[in-house]
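See structure below.
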Amino acid sequence: MKNRLLGGPHLWGHQLPQTKTNRQSTSKFNHQDLQIPQRSWFPWLFFQGPSILDSESDTEDKGDLETFREAKLAIELSKESCHYAVYKDYDLNEVYLAVHGTSTENTPVKFNEKKQPIMPHQHLENAITEPKTVLSPEYPSLDQRNIPQDESTQELTHAKPAVNYRQRQPQSVSANDSSSVLPDDIVNGVTAKNNHNGENHANRSSTALSASLKSECPRRENTVYPGLDCNFRVITLSTKLRLWGEAMIHKEPTSERHIYKSTRPSVERKRKVIARNALVISVHTFLPTKFVRSVILQSTGNASLIALNAVDSVRRWVAQDNLDHLNIKSIALDGIGTTLARTERSIELLNSWNHEIRNADLIFVASNSAASPVAIQILDHIMKTPHLGLEHQRVGFLSMSGALSGPLIGLDTKVIRRAYSYNEYDIINEMFELLKSNSALSRKLAASIDFLCQMNVKFTLAGSVDDQFIPIFSSVYNQVSHPNIFKCLFNDKKADVPPFITQLMVIILTMENLGHNDHHLLLRDLLELTQVPLATRTSHGLIHKSFHLYDIGVRFAMETTSLKMRKAALFKCMGQNSEPERNIYHLPWNVRGLVDDLLKTKHIGSVRLLKNLVTEFQKLGACDETMA
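Read in numbering that gives the first Met the number 0, the sequence shown has 59 at position 60, and its numbers run on one by one without any break.
Below, the structure is given as structure tokens:
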């Protein structure tokens, strides 16, 4: 349609190739009978205007052409409510579209992936010009600090591509972004030893692991902290016997406060099984465009992009053992609406692919921003559906800056009610309901997470250090703790946050993953030190582009052990409101408790982490004196 209005490529003298559809349309229609509006008289003069069928032949089957047109118009003309799914079989290279409320809802139509319809909200988000990074005048930028590079910083290397696997070139996040090529085992800014190199990795001592943790605070690269290799140790035979003994004798949840990394033979067996069939489900929800332009100031992505990144991550993981065949499929659920509407409509769309869900050996769900609560409830419904039988399948979940506890506290005061329609305001107001831990939506979300954790679903919850929309305590769901939940931090190299604060957050999340769940208040106290003013560049729109984050999610789902018995999730500070009483004078005592627990944990290089924390604190004080 766009080519027909603007003249298209034929305006410059290039004739479109004659296809079978073109020849058939030419025999049925005469150019003089077509009323095609033109903005230039050149195409009319030389009779080079494309026919109607040529410009809209988005599917090879002519019988499905009208069906696809109906679904396409439902997406492209949507305003306040739209729900659709895109299914892709990477082995057969087939793509299907299903749109709720059309004839494709129960009968998906096959179409050309290059002509996938796009919602108006996605067009408007892509047109947003990202604001420039504005550094705080009270703290110098990274380049102005003149931080010397030590030996550990110079050890950064790029990950080598797997054998017989052609990796898709990552999309550029920024001009100097290198988050997609970082190694899998980066911990606090350095490269840790890969657990797949060497046959005796399971027998490494804690001393050798600590020696590999020659780290400084994360500074110069976009990456994820902490890494799996320094947060968990490989399970040993004695630990297995102890846990099995506790499960058989006590008949109750064992004493394990965290899970372990699987041994190399166990991981290799999992790869051979997963190489048969894997399914990726991505969930994304668009927000009202006015809200995105005034608050987020960045594009939130789309479900197809998230699905593509997740599929590439699964392929990279399988290719590590040179397995050349992987039957992988993806379902991208996208649209706009309230959480209840998005959940119900997406579940109805998924009914068309119950066979693929039932036969998948691995189900990996990925979501971001406001879609994370929707994705959790969708997965909760899938796990509770009896005829799918997913009790013994591997299921992983990745949430990137998910609004699990709502957006930033106080942001609702900046929302002008009369600027939005009723449906748009319901979507926005629903997110702020998650700030209230006693609201119906919050309780339903907590119950779903508790059930999924007991069903051995491996959660990877990631947050951004400088997110001005979804704070870190919400993206990592600060009030819940469970061994099957791995919490990590995405660090943007351009974030205007002191390295001391970032390092302290990394230590808090490291201890949280190891079962020390009494430091959640400290993470909230640090929130004020990481906030940047509105109209500045943050990493909310960048986190879903980090390839390393997808790798962490796949590895945590596939390379970790399972609990011997079901264990309920532990919920903290579930009061009237998610904002507890804060006292800044408690901050030193909370840090002291964190340091005490850190020194009691030996296998994570606690002494070196503490030394790095003190070093960054001293640098922070020196910077303050210089600025004064």
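Built from N, CA and C at the ideal position, the CB exists for glycine as well.
Computed from a prediction, not measured in an experiment: that's the story for all the values here.
Who does residue i pair with in a DSSP beta bridge?
i, result
"I280", "I330, V364"
"R393", "L361"
"A97", "A84"
"L569", "S480"
"T222", "N490"
"T412", "Beta-bridge pairing links T412 to no other residue."
"V233", "K260"
"M399", "N367, A461"
"T559", "K260"
"I335", "C81, F285"
Which of helix, strand or coil does DSSP assign to residue i?
i, result
"A418", "helix"
"K457", "strand"
"F110", "coil"
"Y83", "strand"
"R241", "helix"
"S211", "Low confidence applies here, because S211 scores a pLDDT of 35, under 50, leaving its location unreliable; read the following figure in that light. Residue state, collapsed to three classes: coil."
"K443", "helix"
"L134", "Note that L134 scores a pLDDT of 43, beneath 50, so its modelled location is shaky and nothing firm can be said."
"F383", "Here the sequence assigns Lys to residue 383, which means Phe is not the residue at that position. K383 falls in the helix class under three-state DSSP."
"F285", "strand"
"I375", "helix"
"V162", "Residue placement at V162 is flagged as unreliable, the pLDDT there being 38, under the threshold of 50; a coordinate-derived value is accordingly withheld."
"N589", "helix"
"D595", "helix"
"H120", "helix"
"R344", "helix"
"I448", "helix"
"Q617", "helix"
"N125", "helix"
"M430", "helix"
"K435", "coil"
"D184", "For D184, the predicted model reports a pLDDT of 38, less than 50, meaning its position is unreliable; a value from the coordinates is still stated below. DSSP places D184 in coil when its eight states are reduced to three."
"L76", "coil"
"L64", "helix"
"R315", "helix"
"H354", "helix"
"F290", "helix"
"N611", "helix"
"N105", "coil"
"N92", "coil"
"E423", "helix"
With distances taken from CA atoms, which of the options is nearest residue i?
i, options, result
"S561", "M454, D466, E615", "M454"
"V266", "G592, S366, S345, M557", "M557"
"V288", "L123, H386, D320, G604", "The sequence given here places Thr at residue 288; Val does not occur at that position. The candidate whose alpha carbon is nearest that of T288 is L123."
"Q467", "S366, P406, I500, R344", "P406"
"L628", "H602, K71, D63, V98", "An answer regarding residue 628 cannot be provided, because it is not within the stretch 0 to 627 covered by the chain."
"N516", "V456, A445, H257", "H257"
"D491", "S351, R315, S473, G462", "G462"
"N111", "S102, N105, L96, Q121", "L96"
"V294", "G409, G604, T262", "G409"
"G100", "S261, N92, S77, Q121", "S77"
"S303", "A84, D595, V590", "A84"
"S420", "S80, T66, E69, K71", "S80"
"H82", "H120, H543, F489, K566", "H120"
"K441", "L322, F570, D465", "It is Ser, not Lys, that sits at residue 441 in the sequence shown. Nearest of L322, F570, D465 to S441, Cα basis: F570."
"L503", "C452, N428, L586", "L586"
"S436", "S605, L403, D449", "L403"
"V223", "D524, L460, H518, E255", "L460"
"A446", "S102, A568, W588", "A568"
"I506", "S605, F431, K566, V464", "S605"
"R263", "I603, Y476, A246, D228", "D228"
"K566", "I448, E104, H543", "I448"
"L522", "L541, G514, I471, L609", "I471"
* Just list the alpha helix (DSSP H) runs in the stretch 471–554, keeping only unbroken ones of 4 residues or longer that don't cross its boundaries, in chain order. => 471–474, 498–512, 519–524
* Please confirm if the stretch 110–119 is in contact with the stretch 359–371, defined as three or more CB-CB distances below 8 Å between the two stretches. => no
* Asked: Do the stretch 88–97 and the stretch 323–331 touch if we need at least three Cβ pairs shorter than 8 Å?
  -> yes
* Asked: Hey, is the stretch 376–392 in contact with the stretch 289–298, meaning 3+ C-beta pairs nearer than 8 Å?
  -> no
* Inter-stretch contact (C-beta, 8 Å, three-pair minimum) for the stretch 502–517 and the stretch 540–553 -> no
* To do: For the stretch 331–350 and the stretch 369–385, state whether three or more C-beta atom pairs, one from each stretch, are separated by less than 8 Å.
  => yes
* Asked: Three or more C-beta pairs closer than 8 Å, one from the stretch 237–249 and one from the stretch 495–507: is that the case here?
  -> no
* To do: Would you be able to state if there are at least three C-beta pairs under 8 Å between the stretch 470–485 and the stretch 412–431?
  => no
* Does the stretch 273–290 come close enough to the stretch 305–316 that 3 or more CB-CB pairs lie under 8 Å? -> yes
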